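I have placed the structure first, in the form of structure tokens, so that the comments after it can refer back to it.
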């Protein structure tokens, strides 16, 4: 009887390191996948050992990898979903490159040109800490609903509908502006963000997919949902939304005078 007890105790001690390793296992990584698409859309990917991108067939649920490039053409649109429930509506004539979502701080993607509307889900009452890059700007997400518009020359405009985002230039991240709802800024190559201006925000929720998995297009990415849809899905609606705050957000000159406040650091 005593030997059995000793055996059980030894097994318990031997299992403790395994339990510790199990508890220390990191949480599941965030991944991106296609929720739906309509019109002319392509996804390009590098094959193993290949330098050039090649078009792939895809449908709803297709998981995207770092380096994948999404291209929409006139009349095309794709809704991208993250495992935490966040979504991005990639409007027509837009190019977006998926980044490595396993790295920290976590950058969702690079908007190379065109229009993308982004809705970030909250965890514990706060938006998940993400960043979005463009050729000229770094956008640190403090808010939940905002638009990113990039011209052919790389000029970036950011419109905030809900929450806040901090916007800086790629070349000078210490000089930035913080945009509350109803405010917008532009970033040009080699220049700090312009002083913010107001616009009329609107939710336009019908551009996003419901929380259940949406039906996707046929393989190849052309086609998709029946019915009219919401156009390119990223133009702010011309209707009254949340009113802008009474105080004007600080511009880049305020940041310079204060020594350059940094956008919030992302959590691991």
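Numbering (my numbering), first residue to last: 7 to 274.
The beta-carbon is built from N, C-alpha and C at its ideal position, and this holds for glycine as well.
Keep in mind that this is a model prediction, so the values were computed, not measured.
Look at the alpha carbon of residue i and the alpha carbon of residue j, and state the distance between them as a whole number of angstroms.
i           : j           : result
residue 41  : residue 155 : 21 Å
residue 144 : residue 96  : 18 Å
residue 67  : residue 192 : 34 Å
residue 77  : residue 201 : 31 Å
residue 189 : residue 56  : 43 Å
residue 160 : residue 119 : 7 Å
residue 71  : residue 199 : 31 Å
residue 278 : residue 103 : The first residue shown for the chain is 7 and the last is 274, placing residue 278 beyond what the model contains.
residue 182 : residue 146 : 10 Å
residue 151 : residue 157 : 20 Å
residue 214 : residue 99  : 18 Å
residue 141 : residue 174 : 12 Å
residue 242 : residue 205 : Low confidence applies to residue 242: its pLDDT is 34, below 50, so where it sits in the model is not reliable enough to give any reading.
residue 184 : residue 136 : 15 Å
residue 73  : residue 54  : 12 Å
residue 52  : residue 88  : 21 Å
residue 134 : residue 148 : 8 Å
residue 65  : residue 125 : 22 Å
residue 59  : residue 115 : 17 Å
residue 207 : residue 163 : 14 Å
residue 196 : residue 203 : 20 Å
residue 61  : residue 49  : 6 Å
residue 90  : residue 39  : 11 Å
residue 63  : residue 80  : 19 Å
residue 31  : residue 75  : Below a pLDDT of 50, predicted positions are generally treated as unreliable, and residue 31, at 34, falls in that range; no measurement from the model is reported.
Can you round the beta-carbon distance between residue i and residue j to whole angstroms, since I take them to be within the 8 Å contact cut?
i           : j           : result
residue 187 : residue 166 : 6 Å
residue 92  : residue 127 : 5 Å
residue 37  : residue 107 : 6 Å
residue 82  : residue 47  : 5 Å
residue 139 : residue 113 : 6 Å
residue 123 : residue 153 : 5 Å
On the CB-based measure, 16 or more other CB atoms within 10 Å of its CB, does residue i come out buried or exposed?
i           : result
residue 169 : buried
residue 44  : buried
residue 4   : Residue 4 lies beyond the residue range present for the chain, which begins at 7 and ends at 274; the question has no answer from this structure.
residue 94  : buried
>> So within the stretch 145–189, which uninterrupted beta strand (DSSP E) runs reach at least 3 residues, ignoring any that extend past its ends?
In response: 151–156, 162–168, 171–175, 178–185
> Where in the stretch 75–133 do unbroken runs of the beta strand (DSSP E), each at least 3 residues long, occur, reported from the N-terminal end onward?
Replying inline: 75–78, 83–88, 93–96, 101–104, 113–125
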